[in-house]
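K.L.:
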Amino acid sequence: MSHLNASNDDLFATHGNLSTKLSKLTSVPGYPTKLKIYLTNSSPYWQVRCYFLGKVIVRSLKTTSKRDAIRLAKIFFNQCLMKQCKDPIEYVPVYEVSTHTIEVVAATMLRSEEAKVSRAEISSHSYTMLCSRIRKHVLPFFSKIPVEHINYGHIESFLNFLSAKSYKPMTISQYLTALRKVLNTAHANGFIPQVPQFPKIRVTSTARGNFSATEYLELLHCAKKLQSLPETPVRITHRNTRNGIYALSNKIPGEMAWLIGFMVNSFVRPVDVKLIQHKHVEIIRGEHCYLRLSLPETKRHKSQVISLPAGVRIYEKLYDHFNEQGLAKPDDYLFLPKVHDRQAAITLLENNFRTILIHTNLRFGTQGQRRSLYSLRHSAITFRLLYGKGIDLLTLARNARTSLEMVDKFYASELTAEMNVGMLHSRR
Numbered sequence: 037m038s039h040l041n042a043s044n045d046d047l048f049a050t051h052g053n054l055s056t057k058l059s060k061l062t063s064v065p066g067y068p069t070k071l072k073i074y075l076t077n078s079s080p081y082w083q084v085r086c087y088f089l090g091k092v093i094v095r096s097l098k099t100t101s102k103r104d105a106i107r108l109a110k111i112f113f114n115q116c117l118m119k120q121c122k123d124p125i126e127y128v129p130v131y132e133v134s135t136h137t138i139e140v141v142a143a144t145m146l147r148s149e150e151a152k153v154s155r156a157e158i159s160s161h162s163y164t165m166l167c168s169r170i171r172k173h174v175l176p177f178f179s180k181i182p183v184e185h186i187n188y189g190h191i192e193s194f195l196n197f198l199s200a201k202s203y204k205p206m207t208i209s210q211y212l213t214a215l216r217k218v219l220n221t222a223h224a225n226g227f228i229p230q231v232p233q234f235p236k237i238r239v240t241s242t243a244r245g246n247f248s249a250t251e252y253l254e255l256l257h258c259a260k261k262l263q264s265l266p267e268t269p270v271r272i273t274h275r276n277t278r279n280g281i282y283a284l285s286n287k288i289p290g291e292m293a294w295l296i297g298f299m300v301n302s303f304v305r306p307v308d309v310k311l312i313q314h315k316h317v318e319i320i321r322g323e324h325c326y327l328r329l330s331l332p333e334t335k336r337h338k339s340q341v342i343s344l345p346a347g348v349r350i351y352e353k354l355y356d357h358f359n360e361q362g363l364a365k366p367d368d369y370l371f372l373p374k375v376h377d378r379q380a381a382i383t384l385l386e387n388n389f390r391t392i393l394i395h396t397n398l399r400f401g402t403q404g405q406r407r408s409l410y411s412l413r414h415s416a417i418t419f420r421l422l423y424g425k426g427i428d429l430l431t432l433a434r435n436a437r438t439s440l441e442m443v444d445k446f447y448a449s450e451l452t453a454e455m456n457v458g459m460l461h462s463r464r
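So for the sequence shown, my numbering puts the first residue at 37; every next one is plus one.
1. Smallest Cα separation from R406: which of L393, K70, V309?
2. Kindly indicate the opening and closing residues of the beta strand (DSSP E) around C86.
3. What are the partner residues of R413, as DSSP defines its beta bridges?
4. Using a threshold of 8 Å, state whether the C-beta atoms of N196 and S411 are closer than that.
5. Rounded to the nearest angstrom, what separates F194 and I427 at their Cα positions?
6. Note down the Cα distance separating L219 from E254, rounded to an integer number of angstroms.
7. Cα separation between M66 and K72?
8. Within the stretch 195 to 245, note down every full alpha helix (DSSP H) run reaching 4 residues or more, in order along the chain.
9. Relative to the C-alpha of S408, which candidate in Y252, A151, L117, S101 has its C-alpha closest?
10. Rounded to the nearest angstrom, what separates E139 and S101 at their Cα positions?
11. Per DSSP, which one or two residues make a beta bridge with L265?
12. Quick check on this structure: which residue in S179, K287, L256 has the alpha carbon closest to the alpha carbon of L384?
13. Return yes when the Cβ of V153 is within less than 8 Å of the Cβ of Y163, no when it is not.
14. Which same chain residues, not among the five before or five after L344, have their C-beta less than 6 Å away from its C-beta?
15. Could you say which of H185, R378, K374 lies nearest to H136 if we only look at CA atoms?
16. What three-state label does DSSP hand S159 in the structure shown?
17. How long is the line joining the alpha carbons of V341 and M442, rounded to whole angstroms?
18. What number of angstroms, rounded off, separates the C-alpha of K201 from the C-alpha of F234?
19. What residue from T431, K310, P332 has the CA that sits closest to H316's CA?
20. Around the Cβ of Y423, are there at least 16 other Cβ atoms within 10 angstroms (buried) or fewer (exposed)?
21. Within 10 angstroms of its Cβ, does E352 collect 16 or more other Cβ (buried), or is it exposed?
22. For a test of the three-state rule: what should DSSP assign to E132, helix, strand or coil?
23. Would you say Q405 lies against chain D (beta-carbon separation less than 8 Å)?
24. Take every Cβ of the stretch 303 to 318, pair it with every Cβ of the stretch 363 to 374, and state whether three or more of those distances are shorter than 8 Å.
25. Indicate the three-state DSSP secondary structure (helix, strand or coil) for L58 in the structure shown.
26. Check L166 in the structure and name its three-state DSSP category.
27. Based on Cα-Cα distance, which residue from V183, L215, L212 lies nearest to G226?
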């Protein structure tokens, strides 16, 4: 192709070098074949090109929708004809009627969220869940609606669509939050004048099921029993995995009983269990004997945690056990130290704990809540509320690296008046 002369009209662009990779040129139905639309690998927007008066005129249509691109290409062609014929009719810029698909806006939003992960503003897990919600339902539902046209009615239809799938209010609320992030991005980039109003949905939070003192002892007994069973070797192949994680045997690891006791006596979260190393643990002996846990920052909390006295005994047994194997150095992890992939480690611990729950028939709480490792932390806080003499809620919340609101909403909500009947009947 010979060199093309530059156009004097700043609303049009001519390209002398089309080295950028183009998609297949598409003709516009009902118009001359010289009018084409196409995509390039350097822009998400559709481009239009047409041969006029000895030169090829090219410009961006500023839309990611093919349907809109065809419509705008027709406007582009008619305006070129007007210009060629020196028609006095006023020229209207094509980009004033441009639209954007939700795929392009969502991609922009996810890039911003990914940057927040790199800055440690949000967790990688939160980002992964956001991506999953966007791709699973948000994009498919709004794929044919430009973001400029999304209104309250569309959002309400989306809510009803999710409700028809029997999603719980909390899950629906999370999907609406993902959609709101996309529309906020569209507004921030000037694609829409304002974010449309969202329908309100009532979300009722259900506290994770905790264990009673009797159930806690039952868990410890079961863990010790299962870890003493004869080991059954497993030949590792690509077909033989244990819940997606390669395992050497079907035996419950020896530290599961210690893990259960440690979590109940230290208030830690499962994410803390994944990251805690021996260098984070300090034994304090004096008027009170406890563990001082200087844990890495998780859930935006980085304060120290103080364990109960029983936590010291549990940690000493765990330390002696792994020290004999040379796995109790400062940088070694407390639980499953041989597993360097810590996400795989916590997955294995969760799977083993699920096995213990199934054996003890304690998989579900009294209100049908599905129990997990997190229920041990719930039990730790609930036990202090039940058995701690004159416990100060602010001190408890700070030591558990949470807030007073969370303690009242998710932990104290499980208590009944009868549980503290002695305190209610006490006298000064």
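For glycine and all other residues, C-beta sits at the position ideal for the given N, C-alpha and C.
P.N.:
Judging by the given coordinates:
1. For the residues L393, K70, V309, the minimum Cα distance to R406 belongs to L393.
2. 79 to 88
3. BP columns for R413 are empty, so no partner.
4. It is not a contact, given that the beta carbons lie outside the stated cut-off.
5. 46 Å
6. Between the C-alpha atoms of L219 and E254 there is a straight-line separation of about 50 Å.
7. In the sequence as displayed, the identity of residue 66 is Gly instead of Met. Taking the straight line from one Cα to the other gives about 12 Å.
8. 205 to 224
9. Y252
10. Using only the alpha carbons, I get a separation of about 10 Å.
11. For L265, which the question treats as bridged, DSSP gives no partner whatsoever.
12. K287
13. Result yes, Cβ atoms of Y163 and V153 sit closer than 8 Å.
14. N301
15. H185
16. coil
17. 17 Å
18. Rounded to the nearest angstrom, the gap between the Cα atoms of K201 and F234 is 20 Å.
19. P332
20. Its Cβ having fewer than 16 others within 10 Å, Y423 is exposed.
21. exposed
22. Unreliable positioning characterises E132 in this predicted model, as indicated by a pLDDT of 46, which lies under 50. The coordinate reading is nonetheless provided below. Note: E132 maps to helix in three-state DSSP.
23. Looking at the structure shown, chain D is missing, and only one protein chain is on hand.
24. yes
25. Three-state DSSP puts L58 in a strand.
26. helix
27. V183
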